[in-house]
Amino acid sequence: MSISRAKFLLKTLNNLKPNSFHSISSRRYSSESHIPSHLEKVGFIGVGNMGFHMANNLIKAGYQLTIHDKDLNAMKHFSDNGIPTKETPFEVAETSDVIVTMLPTSSNVLEVYTGQYGLLHGGNPLRPWLLIDASTIDPQTSRRVSATISECILKEKRGHRDRPVMLDAPVSGGVLGAEAGNLTFMVGGLEEAYMAAESLFLSMGKHTIYCGRSGNGSAAKICNNLAMAVSMLGVSEAFSLGQSLGITASTLTKIFNSSSARCWSSDSYNPVPGVMEGVPSSRNYEGQGLKTCSRIG
């Protein structure tokens, strides 16, 4: 690891103060649950591998969604099922109380929020009081966008607030977790907004963890990804060694998952082909591949 990378990680960890953490877990929300009026109309932008399932879970929970994705085919599932879709993020903002974005890169986030016909287009007063970015991006971009949003004015005052709020809320759990509604949200931003959005998070996931100030959710996700990457490498190397010594992958899987080697990389997202269905290793590692690796360092 380079010295500059180590310094960045240490700086990130210093911002994640232990006393700034608390979590909400395990209470699931269904269509029978009461949805607060300030969360009722949700604009969802980015319905790819993760966002598709997250949006579907919000619909199942009873939220009124409006969808945008630059891929028209990605929106077709929703429009075919009577869910409103819009051509631009700005149009989504015009009809929503809350915005959720789930995008691949920092540049995509900047484009959706601050680009032409983006959510903040024209510097006009905003209808949505809360904007949640669930993308995995760098903390600096999260803080930059949050600062820009905090300078905007709401069309209609919400309680004592006359300015919109942004939460950075990246997730862990992968596509399988998104589909099952078992995601973990790591959330940075105003704590009051985090608490107000509790039902929204728990309609898409199983755990939410408040990480402190703006950008800390994104920072926490980087730390989580670092630990997960080390775990993935360890599992891969252990399987390679075991198979070279004549132990089958299925036998090693049983051993790992019933012993001290058990971890998410062994029992939920195993990187070794032929061990588990529905994960990248079962489909020739199809996905974002090297582009994603270069983005996260």
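Everything in the sequence shown is counted per our numbering, starting at 16 for the first residue and increasing by one.
In this text, a Cβ means the ideal position worked out from N, Cα and C, and glycines have one as well.
Alpha-carbon to alpha-carbon, residue j and residue i
{"i": "residue 208", "j": "residue 245", "result": "33 Å"}
{"i": "residue 256", "j": "residue 287", "result": "12 Å"}
{"i": "residue 251", "j": "residue 93", "result": "38 Å"}
{"i": "residue 271", "j": "residue 277", "result": "5 Å"}
{"i": "residue 292", "j": "residue 261", "result": "23 Å"}
{"i": "residue 300", "j": "residue 210", "result": "37 Å"}
{"i": "residue 203", "j": "residue 222", "result": "14 Å"}
{"i": "residue 238", "j": "residue 296", "result": "23 Å"}
{"i": "residue 50", "j": "residue 58", "result": "15 Å"}
{"i": "residue 113", "j": "residue 188", "result": "23 Å"}
{"i": "residue 122", "j": "residue 283", "result": "30 Å"}
{"i": "residue 279", "j": "residue 108", "result": "37 Å"}
{"i": "residue 110", "j": "residue 140", "result": "13 Å"}
Where the beta strand (DSSP E) containing residue i begins and where it ends
{"i": "residue 95", "result": "Per DSSP, residue 95 belongs to no beta strand (DSSP E); it is in the alpha helix (DSSP H), 87–95."}
{"i": "residue 98", "result": "Segment: none, residue 98 is in no beta strand (DSSP E) and carries neither H nor E."}
{"i": "residue 80", "result": "79–83"}
{"i": "residue 62", "result": "Looking at the DSSP string, residue 62 is not in any beta strand (DSSP E), and its letter there is neither H nor E."}
Residue range of the unbroken alpha helix (DSSP H) whose run includes residue i
{"i": "residue 114", "result": "Careful: residue 114 lies outside any alpha helix (DSSP H), inside the beta strand (DSSP E) at 113–116."}
{"i": "residue 108", "result": "104–108"}
{"i": "residue 213", "result": "213–219"}
{"i": "residue 125", "result": "121–129"}
Residue from the options whose Cα sits closest to the Cα of residue i
{"i": "residue 137", "options": "211, 91, 104 and 254", "result": "104"}
{"i": "residue 77", "options": "66, 95 and 52", "result": "52"}
{"i": "residue 199", "options": "205, 170, 165 and 240", "result": "240"}
{"i": "residue 206", "options": "197, 222, 195 and 183", "result": "183"}
{"i": "residue 134", "options": "298, 237, 101 and 154", "result": "101"}
{"i": "residue 157", "options": "231, 197 and 131", "result": "231"}
{"i": "residue 127", "options": "298, 243 and 106", "result": "106"}
{"i": "residue 285", "options": "273, 248 and 274", "result": "248"}
Can you confirm whether the segment 86–98 touches the segment 47–64 when touching is taken to mean that 3 or more C-beta pairs between the two stretches lie within less than 8 Å? At 8 Å Cβ cutoff, the stretches touch.
Would you be able to state if there are at least three C-beta pairs under 8 Å between the segment 109–121 and the segment 145–158? The answer is yes - the segment 109–121 touches the segment 145–158, with three or more Cβ pairs under 8 Å.
Whole alpha helix (DSSP H) runs in the segment 133–204 with 4 or more residues, listed along the chain? Runs of the alpha helix (DSSP H) inside the segment 133–204: 154–165 and 189–195.
Assess contact between the segment 169–187 and the segment 136–145, defined as three or more Cβ pairs (one per stretch) separated by less than 8 Å. Is contact present? Contact holds: three or more Cβ-Cβ distances are below 8 Å.
Continuous alpha helix (DSSP H) assignments of at least 4 residues falling wholly in the segment 225–296: Along the segment 225–296, the alpha helix (DSSP H) occurs as fully enclosed runs of 4 or more residues at 231–259, 264–271 and 279–282, listed in sequence order.
Between the segment 202–222 and the segment 251–266, do at least 3 Cβ pairs fall closer than 8 Å? Judged by Cβ distances under 8 Å, the segment 202–222 makes no contact with the segment 251–266, as fewer than three pairs qualify.
Do three or more CB pairs link the segment 187–195 to the segment 159–169 at distances below 8 Å? No: the two stretches stay apart, fewer than three of their Cβ pairs being nearer than 8 Å.
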